[in-house]
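Below is one structure, written out as structure tokens; the observations come after it.
What follows is the structure in structure tokens.
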């Protein structure tokens, strides 16, 4: 059986968390299947994190062609690596790069592919089995995977990374230039100004529990510390404390952030309609019976005016 | 040349000139009306004549603002009396010896005084009171017209004052009514003192007065059709052509292609007449909830912008000229989408202009171009896909009926006496569902044999139509009509005024006919039949008339009587009945972004209620009102002062189904 | 440019997803709606067309059931052509199988730019954009927005996590998985679609299918749902710790 191969992704020369999780899974699956774990990394400046990965071998694809991610260059290089290593399983994160590469590689190589995996395991009869989130998370699909090069994209955060280290064999190859996709420039989203709450990944949303417009500063600070934007429920807008562009709900904006932190919001039906599809909802409200807790995943009943500074402090503490 | 010949030639010239200008203008407008869409507004002659007599003769709507009504009545009646003067004055010159007699002559002078008072009142109104409703109107034109009217009455007095001298000495006729024109006679004494009674002086004076009177009258005639004062001629026919169909019917006949208004030819001819009838009085603007909320909409400006755009096009000689779109160009999308279709503008308009159908047609054009509020768009898609505005599965519509003690019949499977059309909010809104359950229990207690259509019911389409989505309205209506046609029932019952309006006024054009009752009417009937026994609930309340119940369907008494039967003490808000003030939810507004709203209409309404002495309850009779006003009370933080209560809850207490302490909505 | 938009319909998530006794989706009882990201792709294509007089937009769907309305809707919104790829296809057609048919058609037609939704709720075996691009050997990018046409290339913004993004230039033919259009997909009135159904017709083209790898789905099942939040009490310090831990666990902390 071929190796279990994790395709790694770097962000600012750091291995992404999602990639570390892939390595952990590649290692454990390889052990169970009786094969080796391997990894592929892109870039010339790979750090110690790569050199000490707990896998048997790391193929480092370098050269000027891979300075920035470009689908065709990466695909072509990977295709060669796959042809050479003939892996049993290829793991990618379900990130932008993973979505790009996974499907295109599968189509180019004719291998089976599975997207949105949240679990991978070897069952009692030594079959490789994956679980995928489909239909907006309303259903899970349990899929049996052939170990002949199946490509799997994994939703980040599906399992913890172990953090074990090893001494992999390193193989350097140089990627060739492939015309077709050219990276013109790489940019960072400028934070600041009046943020569009429908685009923010994290929303710190405040309701009547904020009590006084002066307390909004606490929310602003928290939003800054957490890397999100401030939004609110209607009473806050009606009181004139925030402009209407911040309002979430039926008469405001509909949002689907990765995290919706509802602070002091009771959850009127109009409000719930605007945020219930957020990926993760954490609600804090002094009234434990408030309807917001019917849609929230996690909840607490502390005073938000105490909680906000406590959270900000912890988050800022981490940054330093 | 004698004075007479001189004035005759001049008069004939003036008549021909002004008549030519007048007719040219009227023909131009007539031409536009001819090319516009047809609508039948000449049926039911008797009713039409009666309405003209009441609205023109008695100034019924005008007198809703007494000061303005009175001043207008003075000036308006002056125009009738002016006819006597015109006949008399022309007669004096063209038919020597002509007189209107000693009875009509002094009438002219009396009315000159009244018109003068009217003009002074109008000046006071415009210069001192300065009502906000005039904002945006052409005030210069108003002053010009007042000046012209002033000139006419001065001219009348002057020529009357010189006639006693001119008659015998220049025209060689008698002036039997010299003293009857008491104002003229009084002034003539001045000429005696000044010695201006000789043939030359009197001729000059008379000619001056004559030209000031007749000259301005004919100048007026020529100018009027080009100004807002065309209403002097257009008001009467426009009132005659008023809509006599049920007020709540937005679209009279099934539409083949589109209801969108893109060109002036997409208006009905009555719509065109409306544009030229507008007096710019701004009463519509003063009652408009969107305007009061600080949004860019004024019903008056919609009419004026359309009129001005039409005038620009009529004046443009270039056949290939390109003009801005009516919807989105001449009238901004923000104006059109701000309308709640509450109809207060139409209700108050003294000349019966119909604003809402124009707004709906213009909205339809925006919608076809994809210019619509994203939230409203989502609701339209939910109606299309799921049949409700909540984006919930159709199967969940009857979920409220589960888990209550009383069984709810499936009207699709067995005959029922009353078919209950529940509506979206009553079915899906968690704040309203318990009211729906309460209604079911009360119907059961009264022994009513009733049932619902379960998941076969879809939204009535009332609001979809008012958003301008005719096709969607039609498809929703068709689904409901199909389901209803398979059920057996005697009457339709609903708590939702929007559904009531659609079923009652919009569905008949598809051949659907059934008696439709609002629950306040139905429960009133049950009490009066002795099927429900009420004991008094001594609370002080005020009542908000829902637009689609009170104004559009004239159901204002049933809710009040129902509360009276329950022993409730009702204190009226200043704006009630057909003059009620919209909660801000209608016409799809409830789903639209509130950006730009400075002061929500519902909040204003709650403040209006809070200004009443000792009011604990704000009663409503519409599921959307429950939702809107509860939200306002919470947002304003006045839960301790006033509670929003549906009339059904009061009735439930009165018939012993609930304790009085239950008279509070769940505060969410 | 000759632009194609690949669209498909997916189960309406508003409705409960029901399963058959065999653990398959009960597709016959479900209502289907256009995939929301495909709607975004269509909107982006229409915006591009409006900005470039020479461009045409062809909406392409595989006839897996009732797709006519979806195609007429695309026409009513402004697409030039509505193409229905017919053949022995059904609702349970996998994305790999779809990609074969679509790639073959796109190759035959020689589109310059192929847009589709970045993903769909049912693409268990890969996203259409990458699969079609892989089969065509074309330049491609997923999770993109703000597409602009050049003469023989297109530019777009590709979004990465954490607010990072890159401006890409792709040589045509190119395939893009659209994350979001430059504006909310336009509304089209019911009567406009009806008029289109009367006045326009769809092009029915025989879809060429070829063998594609298939996955063996053992079962579909709903996740264990909690209808109420897991409550963490009222202690400020504990709550703050728990929230930070959760953020860490869900990779939502800025590194």
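Residue numbers (this note's numbering), protein chains in the order written: chain V, 1 to 320; chain R, 321 to 988; chain F, 989 to 1243. All C-beta atoms, glycine included, are put in the ideal place defined by N, C-alpha and C.
DSSP-derived helix/strand/coil call for residue i
| i | result |
| --- | --- |
| residue 112 of chain V | coil |
| residue 383 of chain R | helix |
| residue 1004 of chain F | coil |
| residue 665 of chain R | helix |
| residue 813 of chain R | strand |
| residue 11 of chain V | strand |
| residue 42 of chain V | strand |
| residue 185 of chain V | strand |
| residue 100 of chain V | helix |
| residue 135 of chain V | helix |
| residue 1049 of chain F | strand |
| residue 1031 of chain R | In this structure chain R extends from 321 to 988, so residue 1031 of chain R is not present and cannot be described. |
| residue 1219 of chain F | strand |
| residue 562 of chain R | coil |
Endpoints, beta strand (DSSP E) assigned at residue i
| i | result |
| --- | --- |
| residue 260 of chain V | 259-263 |
| residue 999 of chain F | 997-999 |
| residue 702 of chain R | Careful: residue 702 of chain R lies outside any beta strand (DSSP E), inside the alpha helix (DSSP H) at 694-705. |
| residue 482 of chain R | It is not in any beta strand (DSSP E) - residue 482 of chain R instead sits in the alpha helix (DSSP H) that spans 459-486. |
| residue 1194 of chain F | 1191-1194 |
| residue 1209 of chain F | 1204-1209 |
| residue 1020 of chain F | 1020-1022 |
| residue 981 of chain R | Taken as a continuous stretch (DSSP letters only), residue 981 of chain R belongs to no beta strand (DSSP E), as it is neither H nor E. |
8 angstroms contact criterion, which residue i and residue j should meet: CB distance rounded
| i | j | result |
| --- | --- | --- |
| residue 532 of chain R | residue 471 of chain R | 6 angstroms |
| residue 903 of chain R | residue 879 of chain R | Actually they do not touch by this definition, with Cβ atoms about 15 angstroms apart. |
| residue 1101 of chain F | residue 1040 of chain F | That belief does not hold up - the Cβ atoms of residue 1101 of chain F and residue 1040 of chain F are roughly 11 angstroms apart, past 8 angstroms. |
| residue 465 of chain R | residue 549 of chain R | 5 angstroms |
| residue 782 of chain R | residue 748 of chain R | 16 angstroms between Cβ atoms; not a contact. |
| residue 283 of chain V | residue 262 of chain V | 4 angstroms |
| residue 169 of chain V | residue 47 of chain V | Rounded, the Cβ-Cβ distance is 17 angstroms, inconsistent with contact. |
| residue 989 of chain R | residue 700 of chain R | Nothing in the structure corresponds to residue 989 of chain R, since chain R is present only between 321 and 988. |
Spatial neighbours of residue i in its chain, beta-carbon cut-off 6 angstroms, leaving aside the 5 residues before and after
| i | result |
| --- | --- |
| residue 5 of chain V | 38, 87, 90 |
| residue 18 of chain V | 93, 156 |
| residue 267 of chain V | 290, 291, 292 |
Residue i: first and last residue of the uninterrupted alpha helix (DSSP H) it sits in
| i | result |
| --- | --- |
| residue 741 of chain R | Looking at the DSSP string, residue 741 of chain R is not in any alpha helix (DSSP H), and its letter there is neither H nor E. |
| residue 597 of chain R | 589-597 |
| residue 604 of chain R | 603-607 |
| residue 31 of chain V | 17-33 |
| residue 540 of chain R | 536-543 |
| residue 972 of chain R | 967-974 |
Beta-carbon contacts of residue i that lie in its chain and below 8 angstroms, excluding the five residues immediately before and after
| i | result |
| --- | --- |
| residue 469 of chain R | 395, 398, 435, 439 |
| residue 239 of chain V | 213 |
| residue 389 of chain R | 379, 382, 383 |
| residue 818 of chain R | 743, 780, 782, 783, 868, 906, 942, 944 |
Same chain, Cβ closer than 7 angstroms to residue i, neighbours up to 5 away in sequence not counted
| i | result |
| --- | --- |
| residue 369 of chain V | Residue 369 of chain V lies beyond the range of chain V shown here (1 to 320); nothing can be said about it. |
| residue 1142 of chain F | 1101, 1135, 1136, 1158, 1160, 1162 |
| residue 1059 of chain F | 1047, 1049, 1070, 1072, 1190 |
| residue 956 of chain R | 923, 926 |
| residue 625 of chain R | 650, 651 |
| residue 604 of chain R | 619, 620, 665, 668, 669, 675 |
| residue 1205 of chain F | none |
Near the ligand GTP: residue i beta-carbon under 7 angstroms from a heavy atom
| i | result |
| --- | --- |
| residue 675 of chain R | This structure lacks the ligand GTP, and indeed carries no ligand of any kind. |
Original post:
Going along the chain, which unbroken runs of the beta strand (DSSP E) with 3 or more residues stay wholly within the segment 895-943 of chain R?
Top reply: 937-940
Original post:
What runs of the alpha helix (DSSP H), each 4 residues or longer, lie entirely inside the segment 1070-1155 of chain F?
Top reply: 1083-1097, 1116-1124
Original post:
Counting only runs that start and end within the segment 834-895 of chain R, where is the alpha helix (DSSP H) found for 4 or more residues in a row?
Top reply: 839-848, 877-885
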